[in-house]
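Below: one structure, written as structure tokens.
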Amino acid sequence: MKHSLSILLLAIFSFVVHAEDYKINVISDSQRNFILYPTETGVFLRLDTRNGVIDGIVPSDQKKNKRINAIPLTEQAEAGRFILYPTDRFLTWILLDSKTGEMWNVILNSKNNNYINKIKEFE
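Here the working numbering is used: the first residue of the sequence shown is 2, the next is one more, and so on.
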């Protein structure tokens, strides 16, 4: 009985360890100009927290680094203004302007057709 219970507990523990999801911590710091966010694919998103510009950084192949959105989203740049939040959809993020509340969908894909589009406000 003791042996069976030990095996059962070991099996449950193994399942729990392997069932752990990939977690991304959202970093919000009003003093930082740039924050790196890891993705599930090994690419990092470098967010300029002052103006919302996002770069895709590929540490293993710098030739693949790419600007996701080249146009600053505000003229009133201040550190910590923009924050990226991961969603439950693969390679989809929400970019928040913490000063105005405006939001954008940030969508990455393997074909480098990355884009950002504004989320409409409530009516």
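By construction, the Cβ of each residue, glycine as well, lies at the ideal position given by its N, Cα and C atoms.
For this session: Just tell me which of ASN115, THR50, THR75 and PHE45 has its CA closest to the CA of ASN34.
Result: Residue mapping note: residue 34 aligns to position 33 of the sequence shown, counting from 1. Closest option to ASN34, Cα to Cα, is THR50.
Exercise. Can you give the Cα-Cα distance for GLY57 and LEU48, rounded to whole angstroms?
Worked result: Residue 57 sits at position 56 when you count from the first residue of the sequence shown. Residue 48 sits at position 47 when you count from the first residue of the sequence shown. For GLY57 and LEU48, the distance between alpha carbons rounds to 9 Å.
Exercise. Smallest Cα separation from TYR86: which of SER99, THR42 and ASN115?
Worked result: In the sequence shown, counting from the first residue as 1, residue 86 sits at position 85. The shortest C-alpha separation from TYR86 is found at SER99.
For this session: Would you kindly report the start and end of the unbroken beta strand (DSSP E) that includes GLY81?
Result: As a first step, residue 81 is located in the sequence shown; it is residue number 80 there, counting from the start. Unbroken run through GLY81: none, as it is neither H nor E.
Exercise. With respect to the beta strand (DSSP E) encompassing LEU37, which residues constitute its N-terminal and C-terminal limits?
Worked result: Residue mapping note: residue 37 aligns to position 36 of the sequence shown, counting from 1. Where LEU37 is concerned, the enclosing beta strand (DSSP E) stretches over 35-39.
Problem set entry | Boundaries (first-last residue) of the beta strand (DSSP E) holding GLY139 | Outside the shown range of the chain (2 to 124) lies residue 139, about which nothing can therefore be said.
Exercise. Apart from the five residues on each side of it in sequence, which residues of its chain come closer than 6 Å, Cβ to Cβ, to LEU37?
Worked result: For the purposes of this step, residue 37 is taken as residue 36 along the sequence shown, with counting starting at 1. Result list for LEU37: PHE45 and ARG47, in chain order.
For this session: Would you mind stating whether ILE55 and ILE69 have Cβ atoms separated by less than 8 Å?
Result: The residue you call residue 55 lines up with position 54 of the sequence shown. The residue you call residue 69 lines up with position 68 of the sequence shown. Cβ atoms of ILE55 and ILE69: closer than 8 Å.
Problem set entry | Neighbourhood of ILE120 by C-beta distance below 7 Å, restricted to the same chain and skipping five residues each side | The sequence position of residue 120 within the sequence shown is 119, counting from 1. MET104, TRP105 and ASN106, listed in sequence order.
Problem set entry | Buried or exposed by the 16-neighbour rule on C-beta atoms within 10 Å, applied to ASN114 | Counted from its first residue, the sequence shown places residue 114 at position 113. Answer is exposed; the Cβ neighbour count stays below 16.
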